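Q: Here the protein sequences come in this chain order: A and B.
If you read the first sequence in this note's numbering, its first letter stands for residue 1, the second for the next number, and so on.
If you read the second sequence in this note's numbering, its first letter stands for residue 578, the second for the next number, and so on.
Glycine included, every Cβ here is placed at the ideal spot set by N, Cα and C.
For clarity, every value in this text was computed on a predicted model and none was experimentally measured.
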Amino acid sequence: MTLTWLDWLLMLVYFAFVLGVGVALKRSTTTSAAFFQAGRAIPAWVCGLAFISANLGAQEIIGMAASGAKYGISTSHFYWIGAIPAMVFLGVFMMPFYYGSRARSVPEYLRLRFDEKTRGFNAISFALMTVFSSGISMYAMAKLLQILHIFEAPFAALGLGPEYIFHVCIVSSAIVVLVYVLLGGLSSAIYNEVLQFFLIVAGFMPLVYLGLRDAGGWAGVVQTVPASLTHAWRGFGSAATSPMGVDAFGVAMGLGFVLSFGYWCTDFLVVQRAMAADSMAAARRTPLIAAVPKMLFPFLVVLPGLIALSVHGGVIPVKVYEGSHTAVLDALGRPQLDYDLTVPTLLLRYFPTGMLGLGLTALLASFMSGMAGNVTAFNTVWTYDIYQAYLRPRASDAHYLRVGRLATVFGIAASVLTAYVAAQFNNIMDVLQLVFAFVNAPLLATFLLGMFWKRATGHGAFVGLVAGTAAAALHHGLTLPAGAIAGVKGGWLGNVATYPSEMAQNFWTAIDAWAVCFVVTIVVSLMTKPRDDRELVGLVYSLTEKPRDEQLAWYQRPAILGVLVLAATAALNLVFF
Amino acid sequence: MDLDVRVPVGLMLAIMGALLVAYGIAGDHAVYARSLGINVNAIWGSVLFATGAVLLALARAAAGRRGRS
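Following this line, the structure appears as structure tokens:
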């Protein structure tokens, strides 16, 4: 399979539009509010599409198909259990505090509600995490495009070896994202995320159609793959029989509650999109609108994994050691499949020239939307919550706008650096990723107590967060997933318990950290001096006037939309039970 | 915002759709062996073109409404 002029032309059209949007928005991006908050002037549906697109990075597309091939349709739990309920909760209950308070970012909400140290803890860990995860996904994507071999011929024609594919991918995508974020700030990122959303759907829908047709429809898939892979809940009665090594309670608590609410309700990367909406009602609708495509995404991103297992006896290639043709074997001596190649393999298999260009453009688009999401969240948190808070509090608006632009350059440069470090030392990256997971796991307890219990204090929140983070580290250090050796995978303090899978260990680490943070925050809060009720108006549920939406049409009311979204999600679970 | 996002999205989809349709009609048909004999370029290209056209029409109607008010 080789690329033709048509494929290149389609990619070029995409790049032209991405940069064109940045240029078109440059004129209106003259204040820091326009740059960091998109002037709070974006309609709900645009924010909604950006909300899911920012999360729809390349790792999501590649990873969910890989997981679909490994765990089957239960991978949809990451959407139906692990996203939708949290998105509904964010829209109906939490958005009023983010949008209604004067906060410009999630860490800033923590300062208004609690105190400076709680904000600092969150801002610094979040800023580091965004740069780092953007670098990791850059690395993963560039690596993938390199091993696809599809770009080798055009590079060879230019006299460049295959290793240049990696460099060119990273540098060119970094430059494109840099230019459009510098020009138009958050509006530019959001507009491009909408562009990317349409492109990703346009690129993957025909792929799923052709794959399913080749497999003989869903009925054909059901006949060819093990039954446990085509039922979302089969075997979840106990951890021993569950394909993920977690029972239904662990899935509901770990994924459905702690991890998913922790991400969708507190991660500034996604919340920032909703905070850019043009009104409170629009901000609350943003995650609810996003939930509709989100619940259908498993058909686009998980299904390809099952299709790749089903057609022609399975088409996922065997994993080989880098630079050789020797297969990687698992513990039982069987060759391992390279699940990350699921989507690219299907693209190359079914798409003729033309559609292939569109499919590759969709991959590139997902790559860049994930990166831009991280970068815009980083520049805002850096400028408002670190620079303005601790380094230079009273400067002019033009100064902060300049700092924001510099932070964008710095954030992207640091991501590129991370991508190269990841290429050198895989282990350091795993360790760092783990540290961030520890910091993130307890956060949800802090936000829930902050928003819904007026007695929670700043000291309580801070001590709770630190204790929760320590609990996560301790739990991880004392447990191991089955078959793993002590180290990055856990057990570095000794091995008290063994989990059936890594996923089980992750879920229970998060549950543990959440519970410790929850309890410690309550205990310390009760021992410290509460804040005056008057200071907490607009920040805590019981002291804030409920947003009134009687004047809105039924399809604009968050509560009604929320119920509809949850009912549809429940129906999907039943269909694939 | 001065820019309606439906304009760039609609234009991009229409241009990409038109390119795919043109190739689907005029280009080599042997390439469709891999897509199970289906001319995906022509079919999906026209879907993209139509989607783009609808988005542009919606953006135009909204601009008209804004102009009147």
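1. Using beta-carbon positions only, say whether A:Arg455 and A:Ser396 come within less than 8 Å of one another.
2. Buried or exposed: A:Arg285, going by 16 or more other Cβ atoms within 10 Å of its Cβ?
3. Does any C-beta atom of chain B lie closer than 8 Å to the C-beta of A:Gly354?
4. Contact between the segment 22-32 of chain A and the segment 337-350 of chain A: three or more CB pairs below 8 Å?
5. For A:Thr579, which residues in the same chain have their Cβ closer than 6 Å to its Cβ, ignoring the five residues on either side in sequence?
6. Within 10 angstroms of the Cβ of B:Gly614, are there 16 or more other Cβ atoms? Answer buried if so, exposed if not.
7. Determine, using beta carbons only, whether A:Gly370 and A:Gly57 come nearer to each other than 8 Å.
8. Do we get a CB-CB distance below 8 Å when we pair B:Val631 with the residues of chain A?
9. Shorter than 8 Å from the beta carbon of A:Arg273 to some beta carbon of chain B?
10. Apart from the five residues on each side of it in sequence, which residues of its chain come closer than 6 Å, Cβ to Cβ, to B:Val583?
11. Determine, using beta carbons only, whether A:Leu49 and A:Val251 come nearer to each other than 8 Å.
12. Leaving out the 5 sequence neighbours to the left and right, which residues in its chain are closer than 8 Å to A:Gly411 when beta-carbon positions are compared?
13. When the Cα of A:Ala282 is compared with those of A:Pro558, A:Leu3, A:Leu566 and A:Leu574, which residue comes out closest?
14. Any beta-carbon of chain B closer than 8 Å to the one on A:Pro206?
15. Alpha carbon to alpha carbon, how far is A:His77 from A:Ser188?
16. Can you give me the Cβ contacts of A:Ala69 inside the same chain, cut-off strictly under 8 Å, excluding the 5 residues immediately before and after it?
17. Residues of the segment 44-58 of chain A with a CB closer than 7 Å to any CB of chain B: list them in chain order, please.
18. Taking C-alpha atoms, which residue in A:Ala34, A:Arg119, A:Ala248 and A:Tyr350 lies nearest to A:Phe447?
19. Tell whether a beta-carbon distance below 8 Å holds between A:Val590 and A:Leu300.
20. Straight-line CA distance for A:Thr361 to A:Leu12?
21. I'd like to know whether the C-beta atoms of A:Gly538 and A:Ser101 end up nearer to each other than 8 Å.
22. Pair every Cβ in the segment 515-535 of chain A with every Cβ in the segment 478-489 of chain A, then say whether three or more of these pairs are closer than 8 Å.
23. Tell me whether the beta-carbon of A:Asn122 lies closer than 8 Å to the beta-carbon of A:Leu112.
24. Let me know if A:Ser137 comes out buried or exposed under the rule of 16 or more other beta-carbons within 10 Å of its beta-carbon.
25. Under a CB-based cut-off of 8 Å, is A:Val194 close to chain B?
26. Just the Cα atoms here: how many angstroms apart are A:Tyr555 and A:Val302?
27. I'd like the list of long-range same chain contacts for A:Leu417, defined as Cβ closer than 8 Å, with 5 residues on each side in sequence excluded.
28. Which residues in the same chain have their Cβ closer than 7 Å to the Cβ of A:Ser542, if we skip the five residues on either side of it in sequence?
29. Could you work out which residue in A:Ser125, A:Gly91 and A:Ala290 is closest to A:Pro581 when comparing CA atoms only?
30. What are the boundary residues of the alpha helix (DSSP H) that A:Tyr263 is part of?
31. Note down, in chain order, every chain B residue with its Cβ under 7 Å from the Cβ of A:Ser21.
32. Using 8 Å as the threshold, is the C-beta distance between A:Lys577 and A:Gly254 below it?
33. Would you report the Cα separation of A:Val520 and A:Phe114, rounded to the nearest angstrom?
34. Among the candidates A:Ala473, A:Leu493 and A:Asn55, whose CA atom is the shortest distance from the CA of A:Trp514?
35. Would A:Ala86 and A:Ser260 be called neighbours here (beta carbons separated by less than 8 Å)?
36. Judging by CA-CA distance, which residue of A:Ala372, A:Val222 and A:Val318 is the nearest neighbour of A:Pro335?
A: Taking the geometry as given:
1. no
2. buried
3. yes
4. no
5. Outside the shown range of chain A, which is 1 to 577, sits residue 579 of chain A, and nothing can be said about it.
6. exposed
7. yes
8. no
9. no
10. Inspection of the sequence shows that residue 583 of chain B is occupied by Arg rather than by Val. Excluding positions up to five away in sequence, the list reads Leu632, Leu635 and Ala636.
11. no
12. Thr130, Val131, Ser134, Asn374, Val375, Phe378, Asn379 and Trp382
13. A:Pro558
14. yes
15. 32 Å
16. Gly305, Leu306, Ala308, Leu309, Ile316, Leu337, Tyr339 and Thr342
17. Val46
18. A:Arg119
19. Summary: the structure shown does not reach residue 590 of chain A, with chain A confined to residues 1 through 577, and so no result is reported for it.
20. 9 Å
21. yes
22. no
23. no
24. buried
25. yes
26. 29 Å
27. Gly135
28. Lys454
29. Absent from the structure is residue 581 of chain A, since the part of chain A shown begins at 1 and ends at 577.
30. Ser260 to Trp264
31. Looking at the sequence provided, one finds Val at residue 21 of chain A rather than Ser. Going along chain B in sequence order, the residues near A:Val21 (Cβ under 7 Å) are Pro585.
32. In the sequence on display, residue 577 of chain A carries Phe and not Lys. Against a cut-off of 8 Å, the Cβ pair of A:Gly254 and A:Phe577 comes out as no contact.
33. 15 Å
34. A:Ala473
35. yes
36. A:Val318
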